[in-house]
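Chains G and W supply the protein sequences, listed in that same order.
According to my numbering, the stretch in the first sequence is residues 1043 to 1251, in order.
According to my numbering, the stretch in the second sequence is residues 48 to 126, in order.
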Amino acid sequence: MARMKFLCDAERCIECNGCVTACKAEHDIPWGVNRRRVVTMNDGVPGERSISVACMHCSDAPCMAVCPVDCFYKTEQGVVLHDKDMCIGCGYCFYACPFGAPQFPQAGAFGVRGKMDKCTFCAGGPEKDGSPEEFAKYGRNRLSEGKLPACAEMCSTKALLGGDGDVIADIYRDRVLHRGKGAEVWGWATAYKLPPAGSPSAPPPKAKS
Amino acid sequence: MSGQRWPMIMATLAGAMSALMLAGCGERPQVVNYKQGEYQGKPDTPAYNAAPFNGNREQWDNAMKQRAQSQNEYKRIGG
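Given below as structure tokens:
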């Protein structure tokens, strides 16, 4: 098993916000906290593109690097999680994250920040798997049930792929080869893996000029 | 009869009270000592440890792979 990753196919995303709704419903997320969002570029202009964004579970996560209380950890599968009992709500992770993934619920009348909340890749947290405590703090633990994140599984056009990085890279590559385009939209490299040289799905060698 | 029990009750009560008051003298550390660069929170268990996989990693891996392939309609519908 490689690392768990998300990949959003901008050629397929129709900005339905189904992933956002699935996430909110699955984890009972309060108002004001959006673990996942759909971002549209050139909205209203012909050729607009949308992508679904949440925590990308970075291999070298900047949130982990800046946390002053070291409440982040990474699972065997590369999922970046955190312990809410340790979090002091300082917001450093929010400033460090290039995807705006960390969310802070407003806790109190004077805009006091609560503990950080973010996408868990539906893997819960350090509480007992599937326990009510885990659900209350981190949401449902689908991974321990052998399921993939709700957002990816609910995606109607299968624009949002989630799972083992190698597997979803292969799915995306298949797709690009079938339609003959699309790799340039979200970047081939974001598929995390290139096929071995000489294999039928390997990109043709670049012509020397 | 009750006159004989009275000192015993008092002694028990005094013992309990002194134990209770001594408990207040205990001092727990209030400040967490952080070790820079190391996860400080509670340990987590791997996803395959819980039911229904009960620690069977291979079974969990296979389930995840099968589940991931359901996102590939070229394979799912034989396109």
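The beta carbon of each residue, even a glycine, is placed where N, CA and C say it ideally should be.
Select from the region 1113-1128 of chain G all residues with a C-beta closer than 8 Å to any C-beta belonging to chain W, and list them in chain order.
1113, 1114, 1115, 1117, 1118, 1119, 1123, 1124, 1125, 1127 and 1128
For residue 51 of chain W, count neighbouring Cβ atoms within 10 angstroms of its own Cβ and tell me buried if that reaches 16, exposed if not.
exposed
Using a Cβ-Cβ distance under 7 Å, would residue 102 of chain W count as near chain G?
The Cβ of residue 102 of chain W sits no closer than 7 Å to any Cβ of chain G.
Among all the DSSP beta bridges, which residues are the ones paired with residue 1212 of chain G?
Looking at the DSSP assignment, residue 1212 of chain G forms no beta bridge with any residue, so it has no partner.
Environment of residue 1049 of chain G [buried if 16+ CB atoms lie within 10 Å]:
buried
Against chain G, with Cβ distances strictly below 7 Å, would residue 54 of chain W count as a contact?
Contact with chain G is absent for residue 54 of chain W, since none of that chain's Cβ atoms lies less than 7 Å from the residue's Cβ.
Pick from G/1077, G/1113, G/1090 and G/1085: whose alpha carbon is nearest that of residue 1098 of chain G?
G/1077
If you draw a straight line from the C-alpha of residue 109 of chain W to the C-alpha of residue 1210 of chain G, how long is it?
Separation of residue 109 of chain W and residue 1210 of chain G (C-alpha to C-alpha, rounded to the nearest whole angstrom) is 15 Å.
Quick test of the definition: if touching needs 3 or more C-beta pairs under 8 Å, does the region 1124-1139 of chain G touch the region 1187-1202 of chain G?
no
Give, in chain order, every unbroken run of the alpha helix (DSSP H) that is at least 4 residues long and sits entirely within the region 1145-1209 of chain G.
1174-1180 and 1192-1196
For residue 1205 of chain G, decide whether its Cβ has a neighbour in chain W, counting only Cβ atoms nearer than 7 Å.
yes
In chain order, what residues of the same chain lie with their CB nearer than 7 Å to the CB of residue 102 of chain W, ignoring the 5 residues before and after it?
Scanning its chain for C-beta atoms nearer than 7 Å, with the 5 sequence neighbours on each side dropped, one finds around residue 102 of chain W the residues 95 and 96, in chain order.
Pull up the distance between the alpha-carbon of residue 1139 of chain G and that of residue 1156 of chain G, whole angstroms please.
Pairing residue 1139 of chain G with residue 1156 of chain G, the inter-Cα distance amounts to about 18 Å.
Take the Cβ of residue 1220 of chain G as the centre, count every other Cβ of all protein chains shown within 10 Å, and call the residue buried at 16 or more, exposed below.
exposed
From residue 1135 of chain G to residue 1063 of chain G, what distance separates their C-alpha atoms?
24 Å
Distance check for residue 1095 of chain G and residue 1200 of chain G, CA to CA, integer angstroms please.
15 Å
Any beta-carbon of chain G closer than 7 Å to the one on residue 109 of chain W?
no
How about residue 1200 of chain G: is its C-beta nearer than 7 Å to some C-beta of chain W?
Between residue 1200 of chain G and chain W, the shortest Cβ-Cβ separation is below 7 Å.
Tell me whether residue 100 of chain W sits in a helix, a strand or coil according to DSSP, three-state version.
Residue state, collapsed to three classes: coil.
Counting only Cβ pairs nearer than 9 Å, list the residues of chain W close to residue 1216 of chain G.
119, 121 and 122
Is DSSP giving residue 1098 of chain G helix, strand or coil here?
coil
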